[in-house]
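Engineer: Residue numbers (UniProt numbering): 1 to 98.
Ideal Cβ positions, reconstructed from N, Cα and C, are used throughout, including at glycine.
Because the structure is a prediction, the values reported are computed rather than measured.
1. Contact between the stretch 10-29 and the stretch 58-65 is defined here as three or more beta-carbon pairs at a separation below 8 angstroms; is this criterion met?
2. Relative to the C-alpha of residue 49, which candidate in 28, 11 and 71 has its C-alpha closest?
3. Thinking C-alpha only, which one of 69, 70 and 60 is nearest residue 76?
4. Residue 6 lies in the alpha helix (DSSP H); which residues open and close that run?
5. Flag this pair as yes or no: are the beta carbons of residue 38 and residue 69 separated by less than 8 angstroms?
6. Can you say whether residue 1 is buried or exposed, counting buried as having 16 or more other CB atoms within 10 angstroms of its CB?
In structure tokens form, the structure reads like this:
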């Protein structure tokens, strides 16, 4: 299964990518929302794992743009935020998990 990982913290991105690859996933890793949006528009993925707080474009905006293009790709959002309002916002833009 091929997935896109978008995380601006390079150390965390490396750790997540390594864990995913060890579990059989093919992973494309980017470090900002603009790069994530570009790849999601031009490549095929089974899943996207997006950090919410990224430079260029945040993860919520990436999901909104994805849904506006009619793409139904499952999306998981990563964040250090734990407030219920943040979770609701993430789910409302079209992510499948937070």
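Structural biologist: The short version:
1. Contact fails: fewer than three Cβ-Cβ distances are below 8 angstroms.
2. The count along the chain shown starts at 1 and reaches residue 49 at position 49. When each option's Cα is compared against that of residue 49, the closest is 28.
3. Position 76 of the chain shown holds residue 76. Nearest option by C-alpha distance: 60.
4. As a position in the chain shown, residue 6 is number 6, starting the count at 1. Counting along the chain, residue 6 falls outside any alpha helix (DSSP H), though it belongs to the beta strand (DSSP E) covering 2-6.
5. Position 38 of the chain shown, counting from 1, holds the residue named residue 38. Position 69 of the chain shown, counting from 1, holds the residue named residue 69. Taking 8 angstroms as the Cβ cut-off, residue 38 and residue 69 do not qualify as a contacting pair.
6. The count along the chain shown starts at 1 and reaches residue 1 at position 1. Burial call: exposed.
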